[in-house]
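Chemist: The listed protein sequences correspond, in order, to chains A and B.
Just so we're on the same page, my numbering is the position in the first sequence counted from 1, plus 320.
Just so we're on the same page, my numbering is the position in the second sequence counted from 1, plus 69.
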Amino acid sequence: MISRGFFGRRRPAEVENRLPPGQYLVTDFPVLSAGPTPHTPLDRWSFTLEGLVGSPVSWSWDSFLKLPSQAFTVDISCVTKWTKLGTKWLGVSVDTLLQSVHVDGTARYVMAFSDGGYTTNVPLAEMVNGQAFIAYQFDDKPLAAVHGGPARLVVPHLYFWKSAKWVRGLRFIDHDEPGFWESLGYNMHGDPWKEERYSGD
Amino acid sequence: MQPALEWQVGEVTRVRTETPRTKTLTLALPKWMAHRPGQHYDVSLTAPDGYRTERSYSAASEPERAGEVDLTVERIDDGEVSPYLDDVLMPGDQLEVRGPIGGYFVWDVSLGGPLLLIGGGSGVVPLMAMLRHRAAQKAPIPARLLYSSRSAQEVIYRTEFERLADGDGELEVVFTFTRHAPPGWTGYQRRIDPAMLDEVMQSLGNGVRSYVCGPTLLVEAVSNALVAMGLPAGRVRTERFGPTGT
Ligand SMILES: Cc1cc2nc3c(=O)[nH]c(=O)nc-3n(C[C@H](O)[C@H](O)[C@H](O)COP(=O)(O)OP(=O)(O)OC[C@H]3O[C@@H](n4cnc5c(N)ncnc54)[C@H](O)[C@@H]3O)c2cc1C
Numbered sequence: 321m322i323s324r325g326f327f328g329r330r331r332p333a334e335v336e337n338r339l340p341p342g343q344y345l346v347t348d349f350p351v352l353s354a355g356p357t358p359h360t361p362l363d364r365w366s367f368t369l370e371g372l373v374g375s376p377v378s379w380s381w382d383s384f385l386k387l388p389s390q391a392f393t394v395d396i397s398c399v400t401k402w403t404k405l406g407t408k409w410l411g412v413s414v415d416t417l418l419q420s421v422h423v424d425g426t427a428r429y430v431m432a433f434s435d436g437g438y439t440t441n442v443p444l445a446e447m448v449n450g451q452a453f454i455a456y457q458f459d460d461k462p463l464a465a466v467h468g469g470p471a472r473l474v475v476p477h478l479y480f481w482k483s484a485k486w487v488r489g490l491r492f493i494d495h496d497e498p499g500f501w502e503s504l505g506y507n508m509h510g511d512p513w514k515e516e517r518y519s520g521d
Numbered sequence: 070m071q072p073a074l075e076w077q078v079g080e081v082t083r084v085r086t087e088t089p090r091t092k093t094l095t096l097a098l099p100k101w102m103a104h105r106p107g108q109h110y111d112v113s114l115t116a117p118d119g120y121r122t123e124r125s126y127s128a129a130s131e132p133e134r135a136g137e138v139d140l141t142v143e144r145i146d147d148g149e150v151s152p153y154l155d156d157v158l159m160p161g162d163q164l165e166v167r168g169p170i171g172g173y174f175v176w177d178v179s180l181g182g183p184l185l186l187i188g189g190g191s192g193v194v195p196l197m198a199m200l201r202h203r204a205a206q207k208a209p210i211p212a213r214l215l216y217s218s219r220s221a222q223e224v225i226y227r228t229e230f231e232r233l234a235d236g237d238g239e240l241e242v243v244f245t246f247t248r249h250a251p252p253g254w255t256g257y258q259r260r261i262d263p264a265m266l267d268e269v270m271q272s273l274g275n276g277v278r279s280y281v282c283g284p285t286l287l288v289e290a291v292s293n294a295l296v297a298m299g300l301p302a303g304r305v306r307t308e309r310f311g312p313t314g315t
């Protein structure tokens, strides 16, 4: 259906081609969260890999910062319709973390869990091979708490609610389970290019 | 898996001016479903060459009003969508939407109270749906709305708030004006702060459920303050739809 009298704001083709369907470009960094921002002191922060692993492993903040890190620049899309291009992060690749555990062959999905009780599910195959990071710097600065600091998951090829803020660990599981938003009507997978916003999309 | 939320073409049946920058569109929906107050609809606009963009707008009306939904849209001057909705759409026009959407920032009388609603600017829209629903259900649930606006001219639904609070001993609506208060105003004239929250909440008692909606800075300040005042984080539900301000 054509909307009478609507022409839209046009962007250069090189920008428009990077916007998934239905999304619009922002240059600021909007915030989406369901509740208050948690503030965990760094000396009480840890990051844990658990579930279907040989034996669980945990890092303190200091030991996490000593892991080999990687700078990466990615486009991010929020299900609330904004897309931000070329965001600059520093963090640890999930591939690097996985060198410290033996993941059971039956593991198929990952449930990320966060301070405040937030969870989100991602297929294991989409967390490896450079597709996912635990990021602690944004734009060369420590990641602000409103944006998920001290550390958040970044899985840029999925809608940004999958990039759990305030992340504290990953649980490996053998079947898919809904996390927080997924149990409230949002899509289990969340690929912005397929516009998988809501359950049933 | 739930069935897909389908796009549907609604018809604009009424356009009402709320403030110089805000209008309410009433849409008649062929596949209307009752929403939970706090939920929103996605709006999709398509240009003649197929270019398409989407935005979200909260349902402003109560779900008791079957077959139609009100969307209240604040015009952002350099915006792509809100000036179109406010200035171009007329009764008789069609608008593509899908919804209702969202399952966390929702309240209905079955959840009970006491209810603390805190809104800034157009963030008051989903809170209004909650209050209209509460009134339609004649539910004597204690409720407070603390509503921050830049000036009295920018207050959305002012007369309806007065009408709702009039004759409802359990509802209080409190305004604060952050830039210009009307002459003779004796109420709050500042941004929402912990002292103000404390005063507004005082008579509500324990077990408060709070819903905070507005620009990010307001939502951050208010939700942090409520947690610091002892509300469990799970009882502070937030929705942010303004710019970041950072
Ligand atoms: C769940 C949800 C519910 C929403 N409900 C409502 C509602 O009930 N009523 C309503 O009016 N809006 C609501 N919004 C906001 C709405 O979706 C749009 O973001 C808003 O109308 C601006 O769209 P636009 O195309 O006009 O501006 P855009 O072209 O997207 O943005 C133009 C510029 O304006 C800035 N901007 C965006 N929003 C605001 C704002 N609120 N104040 C000041 N500057 C802004 C942007 O950062 C950008 O710089 C809601 C958003 C969400 C996520």
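The beta carbon of each residue, even a glycine, is placed where N, CA and C say it ideally should be.
Since the model is a prediction, treat every value here as computed from it, not as a measurement.
Which residues in chain B sit within 7 Å of residue 401 (chain A), going by Cβ to Cβ distance?
Modeler: By one-based count along the first sequence, residue 401 (chain A) stands at place 81. 123, 124 and 125, listed in chain order.
Chemist: May I ask you to list, following chain order, the residues of the segment 437-448 of chain A that have a beta carbon less than 9 Å from some beta carbon of chain B?
Modeler: Correct list: 437.
Chemist: Going by the CB atoms, is the gap between residue 122 (chain B) and residue 328 (chain A) shorter than 8 Å?
Modeler: What you label residue 328 (chain A) is simply residue 8 of the first sequence in a count that begins at 1. What you label residue 122 (chain B) is simply residue 53 of the second sequence in a count that begins at 1. For residue 328 (chain A) and residue 122 (chain B), yes; Cβs fall inside 8 Å.
Chemist: Check the C-beta distance from residue 478 (chain A) over to residue 454 (chain A) and give it rounded, since I have them as a contact under 8 Å.
Modeler: In the first sequence, the residue the question calls residue 478 (chain A) occupies position 158. In the first sequence, the residue the question calls residue 454 (chain A) occupies position 134. Incorrect: roughly 15 Å between the Cβ atoms, too far for contact.
Chemist: Who does residue 85 (chain B) pair with in a DSSP beta bridge?
Modeler: Against the second sequence, residue 85 (chain B) aligns to sequence position 16. B:93, per the DSSP bridge assignment.
Chemist: Taking DSSP as the reference, what is the three-state secondary structure of residue 257 (chain B)?
Modeler: Sequence index remark: in the second sequence, residue 257 (chain B) carries index 188 (1-based). Residue 257 (chain B) falls in the strand class under three-state DSSP.
Chemist: Any heavy atom of ligand 1 inside 7 Å of the beta-carbon of residue 95 (chain B)?
Modeler: As a position in the second sequence, residue 95 (chain B) is number 26, starting the count at 1. No, ligand 1 has no heavy atom inside 7 Å of this Cβ.
Chemist: Grouping DSSP H, G and I as helix and E and B as strand, with all else coil, what is residue 438 (chain A)?
Modeler: In the first sequence, residue 438 (chain A) corresponds to position 118, counting from 1. It is coil, neither helix nor strand.
Chemist: Run through chain A and tell me which residues come within less than 7 Å of residue 128 (chain B), C-beta to C-beta.
Modeler: Sequence index remark: in the second sequence, residue 128 (chain B) carries index 59 (1-based). Per Cβ cutoff of 7 Å: no residues; residue 128 (chain B) is ~15 Å from chain A at best.
Chemist: Can the beta-carbon of residue 346 (chain A) be found less than 8 Å from the beta-carbon of residue 402 (chain A)?
Modeler: Start at 1 with the first residue of the first sequence, and residue 346 (chain A) comes out as number 26. Start at 1 with the first residue of the first sequence, and residue 402 (chain A) comes out as number 82. Cβ atoms of residue 346 (chain A) and residue 402 (chain A): closer than 8 Å.
Chemist: Please say whether residue 279 (chain B) and residue 309 (chain B) have beta carbons closer to each other than 8 Å?
Modeler: Looking up residue 309 (chain B) in the second sequence gives position 240. Looking up residue 279 (chain B) in the second sequence gives position 210. No, Cβ-Cβ distance for residue 309 (chain B) and residue 279 (chain B) is not below 8 Å.
Chemist: Can a CB atom of chain B be found closer than 8 Å to the CB of residue 328 (chain A)?
Modeler: Translated into positions along the first sequence, residue 328 (chain A) becomes position 8. So yes, residue 328 (chain A) belongs to the interface.
Chemist: Hey, is residue 148 (chain B) close to ligand 1, as in C-beta under 7 Å from one of its heavy atoms?
Modeler: The residue labelled residue 148 (chain B) in the question sits at position 79 within the second sequence. Checking every heavy atom of ligand 1 against the Cβ of residue 148 (chain B), one is found closer than 7 Å.
Chemist: Quick check on the DSSP output: what are the complete beta strand (DSSP E) runs of length 3 or more inside the segment 432-514 of chain A, in order along the chain?
Modeler: Counting whole runs of 3 or more residues, the segment 432-514 of chain A contains the beta strand (DSSP E) stretches 439-443, 453-458, 472-474 and 487-493.
Chemist: Return the chain-ordered ranges of every beta strand (DSSP E) run that is complete within the segment 176-204 of chain B and spans a minimum of 3 residues.
Modeler: Within the segment 176-204 of chain B, the complete beta strand (DSSP E) runs of at least 3 residues are 184-189.
Chemist: For a test of the three-state rule: what should DSSP assign to residue 111 (chain B), helix, strand or coil?
Modeler: Within the second sequence, residue 111 (chain B) is the residue found at index 42, counting from 1. Reduced to three states, the DSSP call for residue 111 (chain B) is strand.
Chemist: For residue 396 (chain A), is the beta carbon positioned less than 7 Å from some heavy atom of ligand 1?
Modeler: Sequence index remark: in the first sequence, residue 396 (chain A) carries index 76 (1-based). No - ligand 1 has no heavy atom lying nearer than 7 Å to the Cβ of residue 396 (chain A).
Chemist: Would you call the segment 225-240 of chain B and the segment 157-168 of chain B touching, i.e. three or more CB-CB distances under 8 Å?
Modeler: Not touching, per the Cβ criterion.
Chemist: Quick one: residues in its chain with C-beta nearer than 8 Å to the C-beta of residue 330 (chain A), no 5 flanking neighbours on either side, listed in chain order?
Modeler: By 1-based counting over the first sequence, the position of residue 330 (chain A) is 10. Correct list, in chain order: 336.
Chemist: Against chain A, with Cβ distances strictly below 8 Å, would residue 141 (chain B) count as a contact?
Modeler: The residue you call residue 141 (chain B) lines up with position 72 of the second sequence. Output row for residue 141 (chain B): interface = no.
Chemist: For chain B, check one thing: does any of its Cβ atoms lie closer than 8 Å to the Cβ of residue 353 (chain A)?
Modeler: For the purposes of this step, residue 353 (chain A) is taken as residue 33 along the first sequence, with counting starting at 1. It does; some Cβ of chain B falls within 8 Å.
Chemist: Mind listing the chain A neighbours of residue 120 (chain B)? Cutoff is C-beta to C-beta under 7 Å, in chain order.
Modeler: Against the second sequence, residue 120 (chain B) aligns to sequence position 51. Within chain A, the residues near residue 120 (chain B) are 328.
Chemist: Could you pull the DSSP bridge partners for residue 305 (chain B) from this structure?
Modeler: If you number the second sequence from 1, residue 305 (chain B) lands on position 236. Answer by DSSP bridge pairing, in chain order: B:279.
Chemist: Ligand 1 and residue 130 (chain B): does any heavy atom of the ligand fall closer than 7 Å to the residue's C-beta?
Modeler: For this step, residue 130 (chain B) is matched to residue 61 along the second sequence. Outside the cutoff, so no.
Chemist: Suppose you measure from the CA of residue 314 (chain B) to the CA of residue 500 (chain A); what does that come to, to the nearest Å?
Modeler: For the purposes of this step, residue 314 (chain B) is taken as the residue at position 245 of the second sequence. For the purposes of this step, residue 500 (chain A) is taken as the residue at position 180 of the first sequence. Model confidence at residue 314 (chain B) stands at a pLDDT of 44, short of 50, so the residue's coordinates are unreliable and nothing is read from them.
Chemist: Could you tell me the distance, in whole angstroms, from the CA atom of residue 243 (chain B) to the CA atom of residue 285 (chain B)?
Modeler: Within the second sequence, numbered from 1, the residue matching residue 243 (chain B) stands at position 174. Within the second sequence, numbered from 1, the residue matching residue 285 (chain B) stands at position 216. Rounded to the nearest angstrom, the two C-alpha atoms are 21 Å apart.
Chemist: How would you list, in chain order, the residues of chain B whose beta-carbon sits under 7 Å from the beta-carbon of residue 429 (chain A)?
Modeler: The residue labelled residue 429 (chain A) in the question sits at position 109 within the first sequence. Those within 7 Å of residue 429 (chain A) in chain B number zero; the least Cβ separation is about 16 Å.
Chemist: Just by C-beta distance, which residues in the segment 473-497 of chain A are closer than 8 Å to chain B?
Modeler: From the segment 473-497 of chain A, no residue has a Cβ closer than 8 Å to chain B.
Chemist: If you draw a straight line from the C-alpha of residue 110 (chain B) to the C-alpha of residue 400 (chain A), how long is it?
Modeler: As a first step, residue 110 (chain B) is located in the second sequence; it is residue number 41 there, counting from the start. As a first step, residue 400 (chain A) is located in the first sequence; it is residue number 80 there, counting from the start. Approximately 11 Å, taken between the alpha carbons.
Chemist: With a cut-off of 8 Å on the beta carbons, I'd call residue 212 (chain B) and residue 184 (chain B) a contact; round off their distance for me.
Modeler: Working through the second sequence from its first residue, we reach residue 212 (chain B) at position 143. Working through the second sequence from its first residue, we reach residue 184 (chain B) at position 115. Residue 212 (chain B) to residue 184 (chain B), Cβ: 4 Å. Contact.
Chemist: How should residue 441 (chain A) be labelled, buried or exposed, when 16 other C-beta atoms within 10 angstroms of its C-beta is the threshold for buried?
Modeler: For the purposes of this step, residue 441 (chain A) is taken as the residue at position 121 of the first sequence. The residue in question, residue 441 (chain A), is buried, as its Cβ has 16 or more Cβ neighbours within 10 Å.
Chemist: Using a Cβ cut-off of 8 Å, pull out every chain B residue sitting near residue 423 (chain A), in sequence order please.
Modeler: One-based indexing of the first sequence puts residue 423 (chain A) at position 103. Per Cβ cutoff of 8 Å: no residues; residue 423 (chain A) is ~27 Å from chain B at best.
Chemist: Just checking: is the beta-carbon of residue 77 (chain B) within a distance shorter than 8 Å of some beta-carbon in chain A?
Modeler: Indexing the second sequence from 1 puts residue 77 (chain B) at position 8. Judged by the 8 Å Cβ criterion, residue 77 (chain B) is not in contact with chain A.
Chemist: Compare the C-beta of residue 374 (chain A) with all C-beta atoms of chain B and state if any pair is closer than 8 Å.
Modeler: The residue you call residue 374 (chain A) lines up with position 54 of the first sequence. Judged by the 8 Å Cβ criterion, residue 374 (chain A) is not in contact with chain B.
Chemist: Mark residue 467 (chain A) as exposed unless 16 or more other C-beta atoms lie within 10 angstroms of its C-beta, in which case mark it buried.
Modeler: Translated into the one-based positions of the first sequence, residue 467 (chain A) becomes position 147. That one is buried.
Chemist: Take residue 298 (chain B) as the anchor and find which of B:219, B:262 and B:287 has the nearest alpha-carbon.
Modeler: Translated into the one-based positions of the second sequence, residue 298 (chain B) becomes position 229. Nearest of B:219, B:262 and B:287 to residue 298 (chain B), Cα basis: B:262.
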